[in-house]
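For the first sequence, this note's numbering gives the first residue as 22, with consecutive numbering after it. First comes the structure, then the notes that go with it.
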Amino acid sequence: MRVRAGIARRGENSAALADFGKVIELDGERLQRIHDRDTIRHEINELSGQVRDLRQANKDAKQLQAKSRQLGHEENLHGERVGILDEEIRTLLLAIPNIPAEGCPDGKNEEDNTVLTEQEGRAKSHTDSAQHTDSASHSAVATKPIPHWEFAVEMGILDLERAAKISGAMFAMFRGDGAALARALLTYGLDRNSDLYEEILPPTLVRRDTMVRTGHLPKFIDDAYEIARDDLWPIPTGEVPLTSLGEDEILDESQLPMRFMAATPCYRREAGSAGRDTRGLLRVHEFQKVEILAYATEDQAHLLHQELLDRAVGAVSDLGLTYRIVDICTGDLGASAARTFDVEVYAPGADRWLECSSVSWFSDYQARRANIRYRPQGERGSRFVHTLNGSAVAVPRLWAAIVETYHLPNGEIAVPEVLKPYLGGRDRLTANPQNQ
RNA sequence: GGAGAGGUGGCCGAGUCCGGUUGAAGGCGCUCCCCUGCUAAGGGAGUAAGGGUGUAAAAAGCUCUUCGUGGGUUCAAAUCCCACCCUCUCCGCCA
């Protein structure tokens, strides 16, 4: 079957395949039970009508009542079994991943991902022009790049030590010009998408059910923070509230595509990656991000996916950063996604590629869980929408790439041209005098 | 946190005390038809979603469920009981 083959393409997923067979089996019994249950219900309804008539005629209905009561017990047996089956199926289904899109390259793991584009940043010329008062030979490139966790901390615009004091390891604190840069990035991310995307400022603590519906629970329960007392969950990404916006709604086809964006904090325990990439801003528990997201019809989905990717890429490209686009293979694909392109920026100091956006098309996988539908024009009934999303701007990693890329020999940091309006027209970030 | 009121179809709004052709009156909106130089007005019909069955696939038909959610009582629940969620009003508290 198509679904089976699709799941198989993800590779080491024999468990999911077995589950899938189980689901089909359970569902067979479920349907039989539902049929039996409904038949009995029908009889009960008939009997009830007869009882009503008898009683209104002041006649005795004891026999019918007894019979109906008996049927009620039978109905319950079926009903309870259906409930159990529903629960089992649901549990299994939650663990079954989405079917990869046709174009998605086959592969086992991240090593099989395909780099589609690799684009050298324009940062060099930017820094050259930005430092025209300095000696021309002092280009950023001529200097040996330094990791941000060294010089940015020294400048006092990144304070990891005190962040750790306040909140523990893998938390960051931006200060002075560092904080201003972070804030500039958020506004930049929102402004450049405000032409088509509605800005949302959503709640960032959500119900357990909301997390389940977007596929973040139970699978990633170890990666999520939990406020046990109120059973609220800090969102790991703006995708959660944005995807849930349309929950249980039936949209009109003419409304599609719908586009949303939100700048939100994101909270991640990063339990699965403890000890990895812990330096500086490479991986932090709390960060800011501008998320862009769309609901679309199946036909629109492809174009929207490209649009989201273009926008994610445009943001880093216009910042003058070196970036590449990676086509995620079936073996490395997130469970909910049908197709994903990662955008990675190069951080010359850390000398590594940092994932700063995952632009994914979820087909109707998320919408089925969240129950987001639309009414197709000239057609009866409803269909599930397709959801797509990606980060427009992920603050810490872009922040890191920017400061490392634009680090000037004199110790200052040049401001990328597109960010100048967001930093009061300034073209330099300087050390924080209050934290030296 | 304390006290009270309430959640009914795309929307408004009856019904809930006293359970029974009420999937739900009436109105608005919408769709189609008729009438009408145009428009306005008028007349008629239709107008929830989901599941099961049915079909090559649809559709019709049959059937089940849904009156905030989940349970309970009953032959039978929008109507009675319990828990929870949400909204509103007043008081307190904090911004």
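All C-beta atoms in this analysis are idealised placements derived from N, C-alpha and C, irrespective of residue type, glycine included. Keep in mind it's a predicted model, so treat the numbers as computed, not measured.
query = Just to confirm, are ILE313 and ALA413 a CB contact at a threshold of 8 Å?
reply = The count along the first sequence starts at 1 and reaches residue 313 at position 292. The count along the first sequence starts at 1 and reaches residue 413 at position 392. Closer than 8 Å, so yes.
inquiry  = For a test of the three-state rule: what should DSSP assign to ALA151, helix, strand or coil?
reply    = The sequence position of residue 151 within the first sequence is 130, counting from 1. Legend: pLDDT at ALA151 = 43, less than 50; position of this residue unreliable, value from coordinates given subsequently. ALA151: helix per DSSP, three-state reduction.
ask   = In its own chain, which residues sit with a C-beta less than 7 Å from the C-beta of ASP269, not counting the 5 before and 5 after it?
value = As a working mapping, residue 269 is identified with position 248 in the first sequence. If we look at ASP269 and ignore the five residues flanking it on each side, its Cβ neighbours are ASN392.
query = Buried or exposed: which applies to SER379, given that a residue is buried once 16 or more other Cβ atoms fall within 10 Å of its Cβ?
reply = Here residue 379 refers to the residue found at position 358 when the first sequence is read from its first residue. Looking at its Cβ environment, which holds 16 or more other Cβ atoms inside 10 Å, SER379 is buried.
ask   = Near PRO397, which residues of its chain fall below 8 Å by C-beta distance, leaving aside the five closest residues on each side in sequence?
value = Here residue 397 corresponds to residue number 376 of the first sequence, with the count starting at 1. The answer, listed in chain order, is GLU274, THR318, SER403, ARG404.
ask   = Taking buried to mean at least 16 other C-beta atoms within 10 Å of its own C-beta, is ALA151 buried or exposed?
value = What you label residue 151 is simply residue 130 of the first sequence in a count that begins at 1. Residue confidence is low: ALA151 scores 43 on pLDDT, short of 50, so the model does not pin down where it sits. Its coordinate-derived value is still stated next. Classification of ALA151: buried, given that the 10 Å Cβ count is 16 or more.
query = Between which two residues does the alpha helix (DSSP H) harbouring THR231 extend?
reply = Position 210 of the first sequence, counted from the first residue, corresponds to residue 231. It spans 229–234 - the alpha helix (DSSP H) in which THR231 sits, taken as one unbroken run.
ask   = Going along the chain, which residues of its own chain have a beta-carbon closer than 7 Å to the beta-carbon of GLU95, five neighbours each way excluded?
value = As a first step, residue 95 is located in the first sequence; it is residue number 74 there, counting from the start. Closer than 7 Å at the Cβ level, and outside the excluded window around GLU95, lie ILE61.
task = Would you kindly work out how many angstroms separate the C-alpha atoms of ALA37 and THR225, rounded to a whole number?
result = Position 16 of the first sequence, counted from the start, is the residue given in the question as residue 37. Position 204 of the first sequence, counted from the start, is the residue given in the question as residue 225. Distance between the alpha carbons of ALA37 and THR225 is about 32 Å.
task = Kindly identify the DSSP beta-bridge partner or partners of CYS287.
result = For this step, residue 287 is matched to residue 266 along the first sequence. Answer is PHE308, bridged to CYS287.
message = I'd like to confirm the pairing. Which residues does DSSP put opposite GLN140 in its beta bridges?
response = Start at 1 with the first residue of the first sequence, and residue 140 comes out as number 119. DSSP lists TYR344 as partners of GLN140.
query = In chain order, what residues of the same chain lie with their CB nearer than 6 Å to the CB of GLY199, ignoring the 5 residues before and after it?
reply = For the purposes of this step, residue 199 is identified with residue 178 of the first sequence, where counting begins at 1. Cβ within range, chain order: ILE178, LEU179.
message = List, from N- to C-terminal side, the alpha helix (DSSP H) runs of 4 residues or more that fit wholly inside the segment 68–137.
response = 83–116
request  = List the whole-angstrom C-beta distance separating ALA371 from GLU425, where the pair is believed to meet the contact cut-off of C-beta under 8 Å.
outcome  = Locating residue 371 in the first sequence gives position 350, counting from the first residue. Locating residue 425 in the first sequence gives position 404, counting from the first residue. That belief holds up - the Cβ atoms of ALA371 and GLU425 are roughly 7 Å apart, short of 8 Å.
ask   = Any chance the segment 297–311 sits against the segment 409–423, with 3 or more Cβ pairs inside 8 Å?
value = yes
message = Taking DSSP's pairing of strands, which residues face GLU219 in a bridge?
response = By one-based count along the first sequence, residue 219 stands at place 198. Paired residue(s): PHE281.
ask   = For the alpha helix (DSSP H) that ILE423 lies in, which residues bound it at each end?
value = Translated into positions along the first sequence, residue 423 becomes position 402. From DSSP, the alpha helix (DSSP H) with ILE423 extends over 416–426.
request  = Please determine, among ALA122, LEU85, GLU67, ALA116, the residue with the shortest C-alpha to C-alpha distance to ARG30.
outcome  = Along the first sequence, one-based indexing puts residue 30 at 9. With distances taken between Cα atoms, ARG30 lies closest to ALA122.
ask   = For PRO224, which of helix, strand or coil comes out of DSSP?
value = Counting from 1 along the first sequence, the entry for residue 224 is found at position 203. The answer is coil: DSSP assigns PRO224 none of H, G, I, E or B.
message = Between which residues of its own chain and GLY197 is the CB-CB distance below 6 Å, once the five residues before and five after are set aside?
response = To locate residue 197, count along the first sequence from 1; it is residue 176. If we look at GLY197 and ignore the five residues flanking it on each side, its Cβ neighbours are ILE178, ASN453.
query = Going by beta carbon distance, what residues of the same chain come within less than 7 Å of ALA173, once the five residues before and after it are set aside?
reply = Against the first sequence, residue 173 aligns to sequence position 152. Counting only Cβ-Cβ distances below 7 Å, and skipping sequence neighbours, we find LEU179, GLY199, VAL424.
ask   = Alpha carbon to alpha carbon, how far is GLY341 from PRO437?
value = Within the first sequence, numbered from 1, the residue matching residue 341 stands at position 320. Within the first sequence, numbered from 1, the residue matching residue 437 stands at position 416. Each residue's Cα considered, the two are about 7 Å apart.
ask   = In this structure, does DSSP put ALA452 in helix, strand or coil?
value = Reading the first sequence from its first residue, position 431 is the one you call residue 452. Looking at ALA452 - three-state DSSP - the assignment turns out to be coil, as it is neither helix nor strand.
ask   = Measuring CA to CA, which of ALA193, LEU329, GLN77 is closest to ARG183?
value = Position 162 of the first sequence, counted from the first residue, corresponds to residue 183. It is ALA193.
inquiry  = Can you tell me whether ALA161 is helix, strand or coil according to DSSP?
reply    = The residue you call residue 161 lines up with position 140 of the first sequence. Since pLDDT at ALA161 reaches only 45, below the 50 mark, its modelled position is unreliable, and no value is offered.
query = Roughly how far, in whole angstroms, is the beta-carbon of GLY100 from the beta-carbon of ARG58, given that I think they are within contact range, below 8 Å?
reply = Numbered from its first residue, the first sequence carries residue 100 at position 79. Numbered from its first residue, the first sequence carries residue 58 at position 37. Going by Cβ atoms, the distance from GLY100 to ARG58 rounds to 6 Å, so yes, they are a contact pair.
query = In angstroms, rounded to a whole number, what distance separates the CA positions of ARG345 and HIS56?
reply = Against the first sequence, residue 345 aligns to sequence position 324. Against the first sequence, residue 56 aligns to sequence position 35. Whole-angstrom Cα-Cα distance: 54 Å.
inquiry  = On a Cα-Cα basis, can you pick out the residue from TYR395, ALA358, GLN91, CYS377 that is closest to VAL366?
reply    = Mapped onto the first sequence, residue 366 falls at position 345. Looking at the Cα atoms, CYS377 is the closest of the given residues.
request  = Work out the CA separation of ALA422 and PRO458 for me, nearest whole Å.
outcome  = Here the chain comprises residues numbered 22 to 457, so residue 458 is not present and cannot be evaluated.
inquiry  = Checking 8 Å against the spacing of the C-beta atoms, do TYR288 and ILE256 come in under that value?
reply    = On the first sequence, position 267 is the one that residue 288 refers to. On the first sequence, position 235 is the one that residue 256 refers to. Closer than 8 Å, so yes.
request  = Would you kindly check if the distance between the Cβ of ALA284 and the Cβ of LEU211 is under 8 Å?
outcome  = For this step, residue 211 is matched to residue 190 along the first sequence. For this step, residue 284 is matched to residue 263 along the first sequence. Cβ atoms of LEU211 and ALA284: closer than 8 Å.
request  = Would you tell me roughly how many angstroms separate the C-alpha atoms of MET191 and GLU433, rounded to the nearest one?
outcome  = The count along the first sequence starts at 1 and reaches residue 191 at position 170. The count along the first sequence starts at 1 and reaches residue 433 at position 412. Using only the alpha carbons, I get a separation of about 25 Å.
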